[in-house]
Structures are given as structure tokens and as C-alpha cells.
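Reading through the C-alpha cells given below for one structure.
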Amino acid sequence: MDKFYHFLTLAGIGLYWLLVAGVTIRVVLKRRAVSVSLAWLMIIYILPVLGVACYFLFGELNLGRKRAERAKEMFTPFEKWFSQLNDCNAHNPETMGRHIYRIDELCNNRLGLPALSGNTLSLQQSPNEILHSIIEDIENAQSSIRMVFYIWHPGGLADSVASALIQAAKRGVDVKLLLDSAGSPRFFRSPWYRMMQDAGIEVIQALEVKMWRIFLRRLDLRQHRKIIVIDDEIAYTGSMNLVDPAYFKQNSGVGHWVDIMVRITGPTVNVLSAIHCWDWEVETGERHLPRLPECKIDESEFQHPIQVVPSGPGMPEYLIYQVLTLAINQANRSVRITTPYFVPNADLLETLKMTAQRGINVELIIPHKNDSMMVQWASRAFYSELLSAGVKIYEFYGGLLHTKSVVIDDQFCLVGTVNMDMRSLWLNFEVTLAVDDEEFTKQMSWLQDSYIKQSHTVVLEEWEKRSLFSRFLERVFYLFNPLL
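According to my numbering, the sequence shown is numbered sequentially starting from 3.
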């Protein structure tokens, strides 16, 4: 019997190392950044069994067979819909500023999606302003409401939004709501889920999390977009989830979440509606492409185009990442980044350093306290390198700064759902607006000024005095970069 158990032990060890060898070959053969591959190999070999399990769960982009097939089949008809916007008189490259011109070319060539003029934008900065504006627009809806969010957390004004949606459905408005399964578990356990369904609202769990699927689909691939489209006339997008901060994560020790949303009218609304339709079809197989915008605008409205930049499985790879690096590289005077989660890959890190080293004023605003301890420590692993290159870093003390924005030369900005980490830039369903509107960009810059006033400036000489234990934690969590 002892020999039998000894044989089983040796067989188990042998099978495990065969598995490790197979995963190692898989990691080496995958085309990705060398630093990412090395990090995965370290995790696999340092954490026996757990490392291999982590790779199966998080190591590769796997949407699931059914969704992946849908996304592949959808690309051509959606690209055709996008490309028809080039015939719309709201697309006029001759009137575009230099910042957005190349971004328009990039998105047009890769996705068929052009930048469109003739929009109005309203920057909304407080939760009360945002949620009351959404409620008012829902109450005035006539035909349709489309929403997609990562998190819907019941409580406070979020419940008022839910009530407004139910009333809209009862008066005949077609309401479709897509919520990430992992991000919105409390909503799906709350009475609101059933109440909405009873009112005729279609509520779908995006990327539903089930234990038996853990090895069939990457679990940290999430639906991270935040989009509202009402009557194909009004749209919202930005950093804020459907939550009332006074009722959300009050025990996390990070304070209120600080967010923005952008309210939009004009032809860009139809593009955001199409992005919602993409997400809806990925989950349900149902196609509901919106009408094309009329685009009847005067020459005086040709200024200030907006480029919608979506990303995620089925979309062109790394499109948002390409737009981000292109925007930074085009800066002549300044780059100011606001992000809650900062864990860049090596290329983005070098881009920021090089930009500062060529004399551009590069500023990074991130929260002092984060709801993710791993991200908080991993972010700080980059401070010394960035500060030495001339990048200015500000830690925000007024809550969890959740705004995601990049302001270039005080003339052009990126605003949306994307964090400065690998999961957002390379993996999730995300959306960003590239806005060539100097007045709107100035508002974003003033808002960032207000963030800096509530921040502590990180000084290199002081930072280098931190404890050896802090340095150790930074490097340990930095090694988990692929999972962050």
C-alpha cells in the first residue's frame, strides 16, 4: 500500500510539472510584452498550483465560445454601419484640430468609425447633479432608453433612477438595461431586479459569473462601460457607475467616490447607441442597430468633433491604448492625467517618461487611498522612476478620485471609463471620448486644478526616504502587474 501511495505521489508530481511545462510553453508562444510573460512565469513557478490556476483563470483573453463567435460575426455589419458615418456631413477632416486629426484616421482605418462634429457637451461634476440630470431625462423619455453599467448599487438616488425607469417602461418606453454580473451583484439580489422585469424592462447580466464556467472564460474580463442613451437624442458617458456615493462602499475607508459624467447631444449620441447595441448583441444575439444620425449641421458647427473610441473583445485590439499613446506623443506643452488605478505597462511608462524628458509638463493625479490595496502599492512602485524623469505626481486626499481623464495642451482631452492599467487598456469592454473642444477641455483642466488643490505633491527627495518594508511591498505587488 505504501508503494501505491508513493506511486500516486510521484505520478501527481509528474503530472503537475507536465502541466507547468505546458503552461510555460503557452506563455512563451503568446505574443505579448516580455515583462508580462516574465511576470506570469514568475507567478507560475513561485506559487505552486495557485500560479497555474491563476493563469487558467486570468492569463489569456477568453470571452467564451458563444460570445466570441458572435463578436467575430458582428464586426462586419457594425463596421459597415460605422463607415456610413463618413458620408455624413458631420465628418469633415478639413476642420479638425491637429490633436484629433490623426486619431480620426486611426479609428477610421481600424474600425471604420470617424470623428463627428455638431455635438454639445455638458461636464457634470457632482453625484447629485449627475443623478438628477439622468432622472429628469428619463422622465422626459418618449421612445427608448438604453443603459450599460459596470456597477449598479441600490440605495439613495440610484433607487430614484430605478423608479424613473419603471415609470418610463409603464408609459410605453422601451427600456434595455445591461449590467456587469460581477460588478452589480447587489442589484441582482435586490427587489429592484424583479420589479424592473415585472414592469417590462429587459435586464441582462453581462458576462455572467458561474463557478462551472471558471475555466471556460476569463473571469476578470468585465463589461466596464458606462453609457446611457435616451431616445437616440441624449447620451451620457464617463467614470461614474450607477451609484449614490453616500450609499456606496461606506466602510472601505477611502471616502466618497469622486466622478464625472458627460451629457451629450448630437450625432455622437447615435454612435454611443451603436456601442450599446454591440454589447447587447454580444450577450443576447439580438441586433438592434440604431438609425444613422441626420447630421444636418451648419458650417459654423463643424468645429469641436468627438471621436468615440470603444474597446473590448471583437473590437480592434488595443485601440484605446493606441489612441492614448498617440495623444500623449502629440503633446506640445502639457499632459495631465487623472486616474484611480495606475499600473502602466513598460511601453506606457516609457512614453510618459520620454514626454517629460522632452520638456513637456507631465502631471499625474491619483488617489492617496485606493479601494484596491494591491493597486495602491503597485502604483507606487513607479513613482521614483517617473519623478526622476520629471513627471509631477499628486496624491488626492478628497476621497477616492475615480475620474478618468487626460488633458493635452489644454486644447484636447480624453474622457471616459478607462483606467491606466492593463485590464482597462488591453482587456475590458471600455469606451473613451476624444474631444477636440477647447472650451470643454478648459473645464476639464479647471476641474483637475481643483483636484490638485486637494492633493499632496509627491517630492522625490521625500519619497526616497520611505521605509524598506514599503519598498518591498511595492515590488511584491508590482510583480502581480498582469492581474491588475
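Heads up, the beta-carbon is just placed ideally off N, CA and C, and yes, glycines get one too.
Residues R148, V231, D234, A237, P292 of the same chain have their beta carbon placed closer than 8 angstroms to that of S275, with the five preceding and five following residues left out of the count. T434: not part of any alpha helix (DSSP H); member of the beta strand (DSSP E) spanning 432–437, first to last residue. For Q456, there is no enclosing beta strand (DSSP E), as DSSP marks it with neither H nor E. Contact between the stretch 81–93 and the stretch 113–120 is established, with three or more Cβ pairs separated by less than 8 angstroms. Leaving aside the five residues that flank I102 on each side, the residues in its chain whose CB is nearer than 7 angstroms to its CB run, in chain order, A117, P307, Q309, F414, A436, D438. Taking a cut-off of 8 angstroms on C-beta distances, the stretch 394–408 touches the stretch 368–377, as three or more cross pairs fall below it. The C-alpha of A383 is placed about 23 angstroms away from the C-alpha of S254. In the three-state DSSP reduction, C415 falls in the strand class (E or B).
Cβ-Cβ distances below 7 angstroms link Q324 to L108 in the same chain, with the five nearest sequence neighbours on each side left out; the list follows chain order.
Listed in chain order, the non-local C-beta contacts of W428 below 7 angstroms within the same chain comprise Y320, Y323, local neighbours out to five positions each way being set aside. The closest CA to that of T419, considering only N243, Q378, I368, is found on N243.
Across the set D261, P342, S386, the C-alpha of D261 shows the shortest separation from the C-alpha of E131. Assigned with DSSP and collapsed to three states, Q207 falls in strand.
Each of L52, H226, N421 was checked against the Cα of I277, and the nearest Cα belongs to H226. Cβ contact annotation for A73 (same chain, cutoff 7 angstroms, sequence separation greater than five): L65, V284, P315, G316, in chain order. In the three-state DSSP reduction, S124 falls in the strand class (E or B). By the 16-neighbour rule on beta-carbons within 10 angstroms, R338 is buried.
The beta carbon of A170 lies closer than 7 angstroms to those of I140, A143, I147, V177 in the same chain, with the five residues before and after it left out. Distance from the Cα of T122 is smallest, within the candidate group E387, R473, E365, V264, for V264.
Minimum Cα-Cα distance from D451 among the listed residues S472, F398, F431, D423 corresponds to F398. Along the length of the stretch 359–402, whole alpha helix (DSSP H) runs at least 4 residues long occupy 375–382, 385–391, reported in chain order. Ranked by Cα distance from K406, the options T239, K68, R196 are led by T239. If one requires a minimum length of 4 residues, the alpha helix (DSSP H) runs lying completely within the stretch 148–204 are 159–172, 187–191, 193–200, in chain order. Straight through space, the alpha carbons of L481 and L43 are spaced by roughly 11 angstroms.
Within the DSSP bridge table, the entry for G268 names no partner.
Within the same chain, Cβ atoms closer than 6 angstroms to the Cβ of W154 are found at L181, S186, F189, L244, the five residues on either side in sequence being excluded. When beta bridges are read from the DSSP output, T239 appears opposite I229, V264. Going by C-alpha positions, A23 is about 10 angstroms away from L17. In this structure, L223 is the residue among L223, F474, R196 with its C-alpha nearest to the C-alpha of E210. Assignment of L118 by DSSP, reduced to helix, strand and coil, places it in the strand class. Residue burial is scored here from C-beta neighbours: R360 has fewer than 16 other C-beta atoms within 10 angstroms and is therefore classed as exposed. Annotated three-state conformation of D451 is helix, per DSSP. Between the C-alpha atoms of L87 and T97 there is a straight-line separation of about 16 angstroms. Judged by beta-carbon spacing, D411 lies within the 9 angstroms limit of N334, meaning their Cβ atoms are closer than that value. Close CB contacts of Y453 within its chain, under the 7 angstroms cut and outside five residues either way in sequence, are with T340, I367, F398, L403 (chain order).
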